[in-house]
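Visitor: Residue numbers (this note's numbering): 59 to 288. Glycine is no exception: its CB is placed at the ideal position from the N, C-alpha and C atoms.
1) On the three-state DSSP scale, how would you describe residue 160?
2) Given this structure, state the Cα-to-Cα distance separating residue 262 from residue 228, to the nearest angstrom.
3) Please work out which residues of its chain come closer than 7 Å, Cβ to Cβ, to residue 156, disregarding the five sequence neighbours upstream and downstream, and give them in chain order.
4) Does the stretch 123 to 142 come into contact with the stretch 193 to 200, if we say contact requires no fewer than three beta-carbon pairs (one atom in each stretch) closer than 8 Å?
5) Rounded to a whole number of angstroms, what is the C-alpha to C-alpha distance between residue 231 and residue 245?
6) Residue 269 and residue 223: beta carbons closer than 8 Å?
7) Compare the Cα-Cα distances from residue 149 to each of 103, 85 and 185 and report the closest residue.
8) Within the stretch 147 to 195, note down every full beta strand (DSSP E) run reaching 3 residues or more, in order along the chain.
9) Count the other CB atoms within 10 Å of the CB of residue 105; is the residue buried (16 or more) or exposed (fewer)?
10) Terminal residues of the continuous beta strand (DSSP E) containing residue 238?
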């Protein structure tokens, strides 16, 4: 990812692009303004469930980190309103994750976690889209090495629909093919996953990938047009 961006560089995160895809005109402008001047001091929400979910997926979908996280949250005694809300939603997120059915490949086949990558972004139609998967993994099936990755979305009031989730999983597939893959590896669509915790669903990259990527290309064109006036 570039570290020397200017105000003329058009940049949007993958989740914000999913939001943008079904937002009103006013909301689209708001999203772009926020992307142009991000709040560097904004405190991240739901850090514990995000960390525990990443750990669970990394460990062949072992639920022990999730269950331990639930117990840890139960013992917390928050006193600020924000902390109370964070604890409440974090608890619900972990409980919902337990009900999510993840692919058997992730549960049954040991996989290696990839932590160092050349970039967290890809470029689409002149727009830098920050993908930054939560977990990138590789696994061996019948002597062939396959790649996959997960992006986790935790928002009680902003559940992604199937189309938004397909955008995310498709971008993960494209990202792995452009940034992460080696010559002897292949990206597996069914292991490029958008996980919406409060929607309790896992959406892999679609079979009709070119159509989805074409739609994303059009979205990025719209992002550019609003960027210049927002």
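Guide: If we stick to the structure as given:
1) Coil, per DSSP.
2) If you take the alpha carbons of residue 262 and residue 228, they lie about 8 Å apart.
3) 121 and 124
4) no
5) 7 Å
6) no
7) Among 103, 85 and 185, the Cα nearest to that of residue 149 belongs to 103.
8) 169 to 171, 179 to 182 and 185 to 188
9) exposed
10) First-last for residue 238: undefined, no H or E at that position.
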